[in-house]
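Okay, so the sequence shown: first residue is 1 according to UniProt numbering, each after it adds one. To start, the structure under review is shown below, and the notes come after it.
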Amino acid sequence: MEQRTVGRSGLRVSRIGLATHTWGSHTDADEASVQLAAFVEAGGTLVDTSPAYAGGGAQRILAELLGDLVSRDDLVLSGCAGIAPRVLPAPAGPAVPDATHIAIDTSRRALLRQLDRTLLEFGTDHLDIWNVAVWDPRTPLDEVAATLEQVVRSGKVRYAGVRGFGAWQLASLAAVVPVSVAQTPYSLLARDAETDFVPAALHHGVGVIASAPLAGGILTGKYRDGVPADSRGADEATAADIRSSLDERATRVVDALVTAADGLGTSPLAVALAWIRDRPGVASMIVGARDIGQLTGVLAAEALELPRAIAAALDDVSARTE
């Protein structure tokens with residue numbers, strides 16, 4: 001798998017990254033092990049996780065696989081801090097984390113505490129990428145910047161990044177402290193990042209990592225004939241977001257993807273990923289899979305090079321007119 005330089009940093013990552021947000025919920029430890037092995041075998045390096053995924057379950061599974069299944073040195077580990085499952089009292093017994101309720105806190109105390117816990121859980125002395133997971137209006141920007149500078153200087157973090165930031169928030173932080181990575185939703189159905197977020201990242205030398213590049217699975221074409229029972233559209237927790245996106249524009253984009261895929265002898269999924277992969281400023285994209293079958297389809301996108309005419313047609317059909 002091709003490795004790309006992230007922004008104006010010296011960091012290099014695989015241009016497909018492995019998301020772990022399904023681990024511990026829809027993907028068990030055995031399946032996660034198969035996925036990680038296949039990803040590394042294909043030359044993938046970037047693995048993205050969070051203490052908020054599955055109430056902390058995703059990080060626990062990944063921690064168990066480091067060293068035993070894959071070498072820590074073979075991965076670019078991307079973690080975050082600033083969000084965590086709220087700990088709610090159980091009806092009986094000890095309090096338990098609730099993955100459906102997220103607490104936001106990017107104070108120095110909260111960020112450093114989460115970082116130390118993550119490092120301890122992974123049995124490593126550093127994360128390659130560490131992201132402030134969300135903009136917290138209660139914490140002064142200078143405090144967040146000073147915390148990032150501190151952890152990079154200490155060696156606990158190699159490269160600082162952000163998630164869940166708007167363009168002006170990214171620009172404000174990058175103006176006072178080196179930020180190497182910015183993760184944002186970006187796909188054929190979510191192109192708002194092109195208006196100001198990507199230009200801000202390019203201006204400050206920040207590499208963009210696209211999250212949700214398949215728009216929750218819509219761009220795979222799975223919803224063309226209804227809502228599959230095992231899909232996110234049928235999951236009570238995510239159904240509203242998926243169904244609200246199944247509009248006329250989505251139909252046009254998916255139809256174009258299917259047509260392009262048929263002509264290229266590949267899948268709509270691979271075409272959608274190849275399109276986002278080659279957008280200006282994009283260093284990598286984070287893609288999750290419930291099982292090895294889905295991941296195999298994702299990895300197949302690595303070999304696909306979109307003809308310019310097809311890329312241009314997808315640009316046109318996915319452009320917002322309003």
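Built from N, CA and C at the ideal position, the CB exists for glycine as well.
Problem set entry | Spatial distance of Gly166 from Gly82 (CA atoms) | Spanning the two alpha carbons is a distance of roughly 16 Å.
Exercise. Rounded to the nearest angstrom, how far is the Cβ of Thr20 from that of Leu66, given a contact under 8 Å?
Worked result: Contact flag wrong, Cβ pair sits at about 12 Å.
Problem set entry | Neighbourhood of Asp125 by C-beta, 8 Å cutoff - its chain only, sequence neighbours within 5 removed | Leu119, Gly155, Lys156
Exercise. How close, in whole Å, do the beta carbons of Glu273 and Ala301 come, if the pair is a contact with beta carbons under 8 Å?
Worked result: Before going on, a small fix: residue 273 reads as Leu here, not Glu. Going by Cβ atoms, the distance from Leu273 to Ala301 rounds to 4 Å, so yes, they are a contact pair.
For this session: State the DSSP-derived secondary structure class of residue 325, mapped to helix, strand or coil.
Result: Limits of the chain in this structure are 1 at one end and 322 at the other, which puts residue 325 out of reach.
Problem set entry | residue 335 burial status per 10 Å Cβ neighbour count (16 or more: buried) | In the structure as shown, the chain starts at 1 and stops at 322, and residue 335 therefore has no counterpart that could be examined.
For this session: May I ask you to verify whether the segment 34 to 48 touches the segment 8 to 24, counting CB pairs closer than 8 Å and requiring at least 3?
Result: yes
For this session: Report the three-state DSSP secondary structure of Asp30 (helix, strand or coil).
Result: helix
Exercise. Are the segment 307 to 317 and the segment 250 to 269 in contact at 8 Å, needing three or more beta carbon pairs?
Worked result: yes
Exercise. If you scan the segment 151 to 219 from start to end, which runs of the beta strand (DSSP E) of 3 or more residues do you find wholly inside it?
Worked result: Runs of the beta strand (DSSP E) lying entirely within the segment 151 to 219 and spanning at least 3 residues, in chain order: 157 to 163, 181 to 185, 207 to 211.
Problem set entry | Coarse secondary structure for Val6, derived from DSSP in three states | Correct three-state label for Val6: coil.
Exercise. Considering only C-alpha positions, which residue in the set Gln35, Asp68, Val70 is nearest to Gly293?
Worked result: Among Gln35, Asp68, Val70, the Cα nearest to that of Gly293 belongs to Gln35.
Exercise. Just how far apart, CA to CA, sit Ala145 and Ser267?
Worked result: 42 Å
Problem set entry | Sequence-distant residues of the same chain with beta carbon closer than 6 Å to Ala42, five excluded per side | Met1, Leu299
Problem set entry | Per-residue burial, Asp68 [other beta carbons within 10 Å of its own, 16 or more giving buried] | exposed
Exercise. By DSSP, does Trp275 sit in helix, in strand, or in coil?
Worked result: helix
For this session: Would you tell me roughly how many angstroms separate the C-alpha atoms of Arg224 and Ser245, rounded to the nearest one?
Result: 13 Å
For this session: Alpha carbon to alpha carbon, how far is Ile104 from Asp192? Give it in angstroms, no decimals.
Result: Taking the Cα positions, Asp192 is about 24 Å away from Ile104.
Exercise. With C-beta atoms as the reference, is Ala212 less than 7 Å away from Arg4?
Worked result: no
Exercise. When you compare each of Ala182, His204, Ala215, Gly161 to Leu111 by their alpha carbons, which one comes out closest?
Worked result: Comparing C-alpha distances from Leu111 to each of Ala182, His204, Ala215, Gly161 shows the shortest one belongs to Gly161.
For this session: Give the straight-line distance between the Cα atoms of Val271 and Arg109, rounded to the nearest whole angstrom.
Result: 43 Å
Exercise. What is the C-beta distance between Tyr186 and Ala210, in whole angstroms, given that I count them as a contact (C-beta under 8 Å)?
Worked result: 4 Å
Exercise. Given a threshold of 16 other Cβ atoms within 10 Å of its Cβ, counted over all protein chains shown, does Ser50 qualify as buried or as exposed?
Worked result: Classification for Ser50: buried.
For this session: Could you check the C-alpha separation between Gly265 and Thr220 for me, to the nearest Å?
Result: 15 Å
Exercise. Rounded to whole angstroms, how far is the Cβ of Gly207 from the Cβ of Ser9, which I believe are closer than 8 Å?
Worked result: That pair is a contact at about 7 Å.
Exercise. Taking the continuous alpha helix (DSSP H) assigned at Ser318, which residues delimit it?
Worked result: 308 to 318
Exercise. From this set, Met285, Ile286, Asp291, Ala260, which residue's C-alpha is nearest Pro307's C-alpha?
Worked result: Ala260
Problem set entry | Per DSSP, cross-strand counterpart(s) of Gly79 | Trp130
For this session: From the DSSP output, in three-state form, read off Asp48 for me.
Result: strand
Problem set entry | DSSP state of Ser71 mapped onto helix, strand, coil | coil
Problem set entry | Pro85 in three-state terms, based on DSSP | strand
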